[in-house]
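Residue numbers are given in the UniProt record's numbering: position 96 of the sequence shown equals residue 96, and the series is strictly consecutive.
Below is one structure, written out as structure tokens, with a few remarks after it.
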Amino acid sequence: MGAVQEEQRTRRGRLVPWTLLAMWLVVLVLASPLAGKLSGVQQNRNVDYLPASADSTQVAKVQDRLPGGESTDMVVVYHRDGGLTEADRRTAAGQIDEIAAAHKLSAQPRAVPSKDGTTLMYPVSSTEPGQDKEAKNALVDDVRETVRGTEDGLTAEVGGRAGVQADSGKVFESLDGPLLYTTVAVVAVLLVLIYRSPLLWLVPLLTAGAANFTAMAVAYGLHAWFDTTVTGANNGMMTILVFGAGTDYALLLVSRYREELRRVERPYDAMRAALRGCGPAVLASSGTVAAGLLCLLAADLNSTRGMGPFGTVGVLSALLAMMTLLPALLVLLGRRVFWPLVPVFGSEPKQRRSVFAAMGSSAGRRPVTVLLTGAAVLGALALGTLNLQGSLKNENSFIDTPESITAARTLATAYPELSSQPIDVVVPADQAGQALERIRGTEGVAAAEPRRSGTGWTEIAVTADAPPESAGETATIHALRSGPVGKLGGHVGGPSAQLIDLKDANAGDRDVVVPLVLGSVLIVLIVLLRSLVAPLLLVGAVVAVWGAALGIGGLVFEPVLGIEGNDPALPLLSFVFLVALGVDYGIFLMHRMREESLSGLAPEAAALRALRATGGVIASAGLVLAATFSVLAGMPLVMLVELGFVIAVGVLLDTFLVRTYLVTSASVALGRKVWWPGPLSKEPPAREDRPAPPVQEPAALR
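Here is the structure:
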């Protein structure tokens, strides 16, 4: 009978890994046609991010229905520092005529000279490309190519709304490749340092690549079936989560698998034991992250709402790959995958001094002092949020200034009395005459001209007497909305109005999403830990980390990096990711602490042993996750730089300060009260403390 069971185990040990590998090959083949389409359906305009109810969104919808579709509006700017010459003016006029002859423009562009004589502005508008994004960008590129041939000292730049959209599109299109390659390189280097093996690091990396490919296909399916908004930022965050969270799960599994290989002879049986040991914690942690991210579905902002399912798809794809494909590959490769540090059956790991044992001992000796000191440090860092700048302007959204932004700055200097960016207004066609008269009489309006009419609406281009995105222009937009345009049933839009609506939508989303995230995470923790105090402790800790990380951002963004302004979505998105991911690590620590308490250890001993057992793995996972998010800090968009910086700093604070010192010291100080009102809060220790089993730390932390 024993021989039969042994043969059955051997057969399963051979069949199951190959079956899982074959299933993943099928999945990747099926995903291939869909994954490649994801980048082609990105929507990166401000108006694409906005909810349907926003006033500027209504304007964009009306413009799409007007004859010719959405117009392509550019501004060609000619400038010479010492003043334009007559030859400069002839060159400019000739190039504009060439543009008009080559393209179907809405009207012949007219020169608008600056008062100081240094600049000529030519507004250029065309409905020829319609709503075709590639055609609109091609028109901008063609106009730029036409004005390249200027004389020495004379600069010619193409800006305006279409110029900004073209430059933004190129930046977002350039994200996918560099973001993926840099993330892979960073994770590969860290895995080599942690595992110190020429082969082992490649296995989780390839598994994460398969998970990312699958996630891209599923994300495209969500867009195709449910019209989920696809943005460059959503794609980037999904990739970061797949590699960051996926590598974390791999570190936990491989660490446990290495331990089991010393106790169990067959790799298949060792992997089964490893999955039983760490699987529940990994499932709980990934479920917590997914629950937190899914709360973003309650957001009104399209881009924020889309990040919820995209992030969830990334985390669940990573979980599925690391719990199925990675075990199959490790079992098939056998013990030799760990070479040169092969875990031999029956051997004992080398005893090394544990860094986290020393840290835990210091927290255990004076828990209240450590707790109060750490809380004071986090509170002081959080004061840096007072230094955060206002909302990010379009012109400050890029790390490297594109041509359209340079043109806008030239115009702002040369035409301080005019806005180079029109405010879009649409009013019912039967009210157009009355609306035009009232708009021209509105304070802050320098000019208003009717444009297209159709489908019951008339479009009016309004020029403010203040620079774009300034306080004066904002006041003009509010005056139009509350005054003549709003009262006549019209809408006010355009780039500046979209930024106002983005800021308002983000503020509303914070009020809705933050309580949902806190509530969902608390419920998961209460169910998992059978306690109220421990979950509140963990959630309070990650909220403190978020405040401190955001405060560090306030001390770095403008004073050090020279970034003027903050993306309106930064507080909400950084909160969701830091709370979800921070609690993720808290689960590993507190779950182990609960296991040790159930075995009869006193609270202090349970807390310190849990830290010794999980500290190395959590530190390695935190380093990997922080490094993957730090990749965003090298991207060309300010919104990604800020988000990546805050999350990376927050993960490091959570890993090396909060988990190691504050949660441990709070658990020691509270004693059994940390498990209130569960049974552990009432039961005395069952038996005396027992010696801690040897714990093998990741190599990079020894």
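Note that the Cβ used here is the ideal one computed from N, Cα and C, for glycine as well.
Predicted, not measured: the structure shown is a model, and the values here were computed from it.
Boundaries of the alpha helix (DSSP H) in which residue i is found, first to last residue
| i | result |
| --- | --- |
| Y249 | G232 to R263 |
| L40 | It is worth fixing the name first, because residue 40 is Gly in this sequence and not Leu. G40 -> no alpha helix (DSSP H), and no H or E assigned at all. |
| T304 | N302 to L320 |
| V566 | The question names Val, yet the displayed sequence has Asn at residue 566. Careful: N566 lies outside any alpha helix (DSSP H) and carries neither H nor E. |
| S630 | P603 to S630 |
| P664 | Looking at the sequence provided, one finds Thr at residue 664 rather than Pro. T664 -> alpha helix (DSSP H) spans T664 to L670. |
| S574 | L570 to L598 |
| Q434 | A432 to R440 |
| R272 | P267 to L294 |
Cα-Cα separation, residue i to residue j
| i | j | result |
| --- | --- | --- |
| E437 | S56 | 22 Å |
| L598 | L191 | 34 Å |
| G615 | S531 | 22 Å |
| M590 | A610 | 8 Å |
| S520 | G292 | 7 Å |
| G490 | A93 | 37 Å |
| L275 | V542 | 28 Å |
| A497 | T182 | 36 Å |
| P123 | G483 | 27 Å |
| residue 716 | V368 | Because the chain spans 1 through 702 in this model, residue 716 falls outside it and cannot be assessed. |
| S286 | W675 | 23 Å |
| Y661 | A284 | 23 Å |
| P416 | A31 | 53 Å |
| P468 | R481 | 17 Å |
| H478 | D116 | 31 Å |
| L15 | L320 | 19 Å |
| V75 | Q58 | 24 Å |
| A219 | T229 | 10 Å |
| S126 | S114 | 24 Å |
| R262 | V344 | 6 Å |
| R440 | I563 | 36 Å |
| E473 | L392 | 15 Å |
| V62 | V426 | 7 Å |
| T628 | A245 | 9 Å |
| A505 | E348 | 58 Å |
| I423 | L66 | 17 Å |
Three-state secondary structure (DSSP) of residue i
| i | result |
| --- | --- |
| residue 706 | It is not possible to answer for residue 706, since the shown part of the chain is limited to 1 through 702. |
| W339 | coil |
| L20 | helix |
| E459 | strand |
| V445 | strand |
| P636 | coil |
| R148 | coil |
| S470 | coil |
| S174 | coil |
| P450 | strand |
| A464 | strand |
| R659 | helix |
| G678 | coil |
| Q165 | helix |
| G334 | coil |
| S32 | helix |
| A135 | helix |
| R196 | coil |
6 Å Cβ shell around residue i - same chain, five flanking residues per side excluded
| i | result |
| --- | --- |
| L388 | G554 and N566 |
| A633 | V641, G644 and F645 |
| D430 | none |
| L154 | R80 and D88 |
| G314 | A215, M238, L241 and V242 |
| T385 | L550, G551 and G554 |
| V658 | A541 and V545 |
| I399 | P636 |
| P568 | S391, L502, K503 and N506 |
Residues of its chain near residue i, where Cβ-Cβ distance is below 8 Å and the 5 sequence neighbours each way are ignored
| i | result |
| --- | --- |
| L297 | R305, G308 and P309 |
| L332 | P17, W18 and L21 |
| K682 | R672 |
Bounding residues of the beta strand (DSSP E) (the contiguous stretch that carries residue i)
| i | result |
| --- | --- |
| L120 | T119 to S126 |
| A156 | T155 to G159 |
Cut-off 7 Å between Cβ atoms - residues of its own chain near residue i, not counting five sequence neighbours on either side
| i | result |
| --- | --- |
| A101 | none |
| W546 | S574, F575, L578, V579 and G650 |
| A669 | P367, V368 and L371 |
| L326 | V203, P204, T207, A250 and L253 |
**Prompt:** In chain order, which continuous runs of the beta strand (DSSP E) of length 3 or greater are located wholly inside the stretch 479-534?
**Reply:** DSSP runs (the beta strand (DSSP E)) wholly in the stretch 479-534: 491-493.
**Request:** Entirely within the stretch 366-427 and at least 4 residues each: give me those alpha helix (DSSP H) ranges in chain order.
**Result:** Counting whole runs of 4 or more residues, the stretch 366-427 contains the alpha helix (DSSP H) stretches 367-382 and 403-414.
**Message:** Extract the residue ranges of the alpha helix (DSSP H) inside the stretch 67-120, only unbroken runs of 4 or more that lie entirely within it.
**Reply:** The stretch 67-120 contains these whole alpha helix (DSSP H) runs: 86-102.
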